[in-house]
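Colleague: Chains as they are written, first to last, in the numbering used here: chain H, 111 to 324; chain Y, 151 to 160. All residues carry an ideal CB built from backbone N, CA and C; glycine is no exception.
1. How about residue 206/H: is its C-beta nearer than 8 Å to some C-beta of chain Y?
2. Write down every uninterrupted run of the alpha helix (DSSP H) in the segment 187–252 of chain H whose length is 4 residues or greater and which is fully enclosed by it, in chain order.
3. Since residue 285/H is in the alpha helix (DSSP H), which residue starts that stretch and which ends it?
4. What's the gap between the Cα of residue 152/Y and the Cα of residue 283/H?
5. Could you tell me which chain Y residues have their CB closer than 7 Å to the CB of residue 239/H, listed as they occur along the chain?
6. Below 8 Å on the Cβ atoms is my contact criterion, and I expect residue 173/H with residue 189/H to pass it. Report the Cβ-Cβ distance as a whole number of Å.
7. Based on the DSSP output, what are the partners of residue 255/H in its beta bridges?
8. Quick one: what's got a C-beta closer than 7 Å to residue 268/H's C-beta in the same chain, skipping five residues either side?
9. Taking the CB atoms as reference points, tell me whether residue 258/H and residue 314/H lie closer together than 8 Å.
10. Could you please tell me which residues of the segment 122–136 of chain H, in chain order, have their CB closer than 9 Å to any CB of chain Y?
11. In three-state DSSP terms, what is residue 143/H?
12. Quick check on DSSP: helix, strand or coil for residue 310/H?
13. In this structure, how does DSSP classify residue 305/H when only helix, strand and coil are distinguished?
14. Using only the alpha-carbon positions, how far apart do residue 224/H and residue 147/H sit?
15. State the CB to CB distance for the pair residue 183/H and residue 154/H, rounded to an integer number of angstroms; the pair is presumed to be in contact (CB under 8 Å).
16. Which class does residue 137/H belong to by DSSP, given the choice of helix, strand or coil?
Set out below in structure tokens:
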């Protein structure tokens, strides 16, 4: 564990907490893409499938973190699609999730470290996570704006994988550890946030709201 | 560089 991965995971936890708080406090999921949250839930379940297969006692923080990620993302989907369904902006959340899931699954079968079920599921989860934020970014571009709290959520969510890139540089240099699939997908994922990061740093930090040129 | 197949990252 190094400082970059630690802050990366904390940033990821913060993102999940910010989104839950936003939906719970405002009792609304306006401006939040339900599809992105579903894709994240699928990512966590397929990536941490080992939790279900051979359930080992919760002996370390890693297992606890995995359970937190899975339960929080499933709970977020429950809030969006059931509890606060009336506030779900379905017609703006219109990116076809199949266009993300099918290519990720296909690519996972073609490019992977080892052709076995667990490894393919993990690879699928990595590829899917790289593009999972697209429906959310698409929704913001359609509505033309993002609530400030949603911007903070996106900033934390984007920072998590950006910090993981620093973690991979660190591990390459000090532990000669390389996981090409995770690195390439992580770089693609972070690149997708670039224009949002620019808007966030130039606008939200100055207290303005993000309004996209419609 | 050694490839650690064990997934030790979240």
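Modeller: Checking against the coordinates, here is how it stands:
1. Within the first chain, numbered from 1, the residue matching residue 206/H stands at position 96. Answer no: the Cβ-Cβ gap between residue 206/H and chain Y never drops below 8 Å.
2. 208–220 and 227–241
3. Stepping through the first chain from its first residue, residue 285/H is reached at position 175. First-last of the alpha helix (DSSP H) with residue 285/H: 258–285.
4. What you label residue 152/Y is simply residue 2 of the second chain in a count that begins at 1. What you label residue 283/H is simply residue 173 of the first chain in a count that begins at 1. In this predicted model, residue 152/Y has a pLDDT of only 45, less than 50, meaning its place in the structure is not dependable enough to derive any value.
5. Position 129 of the first chain, counting from 1, holds the residue named residue 239/H. Near residue 239/H there are no residues of chain Y at all, since even the closest Cβ is about 11 Å away, more than 7 Å.
6. Within the first chain, the letter at position 63 stands for residue 173/H. Within the first chain, the letter at position 79 stands for residue 189/H. Actually they are not in contact, since the Cβ atoms of residue 173/H and residue 189/H sit about 25 Å apart, beyond 8 Å.
7. The residue labelled residue 255/H in the question sits at position 145 within the first chain. For residue 255/H, which the question treats as bridged, DSSP gives the partners 321/H.
8. Within the first chain, the letter at position 158 stands for residue 268/H. Closer than 7 Å at the Cβ level, and outside the excluded window around residue 268/H, lie 300, 303, 306 and 307.
9. The count along the first chain starts at 1 and reaches residue 258/H at position 148. The count along the first chain starts at 1 and reaches residue 314/H at position 204. A contact, by the Cβ cut-off of 8 Å.
10. 122
11. Sequence index remark: in the first chain, residue 143/H carries index 33 (1-based). In this structure, residue 143/H counts as coil in the three-state DSSP scheme.
12. Stepping through the first chain from its first residue, residue 310/H is reached at position 200. Of the three classes helix, strand and coil, the one that applies to residue 310/H here is helix, per DSSP.
13. Here residue 305/H corresponds to residue number 195 of the first chain, with the count starting at 1. Residue 305/H falls in the helix class under three-state DSSP.
14. Taking the first chain and counting its residues from 1, one reaches residue 224/H at position 114. Taking the first chain and counting its residues from 1, one reaches residue 147/H at position 37. Cα to Cα, the separation comes out at about 28 Å.
15. Counted from its first residue, the first chain places residue 183/H at position 73. Counted from its first residue, the first chain places residue 154/H at position 44. At roughly 5 Å, the Cβ-Cβ gap stays under 8 Å, so residue 183/H and residue 154/H are in contact.
16. In the first chain, the residue the question calls residue 137/H occupies position 27. Three-state result, residue 137/H: coil.
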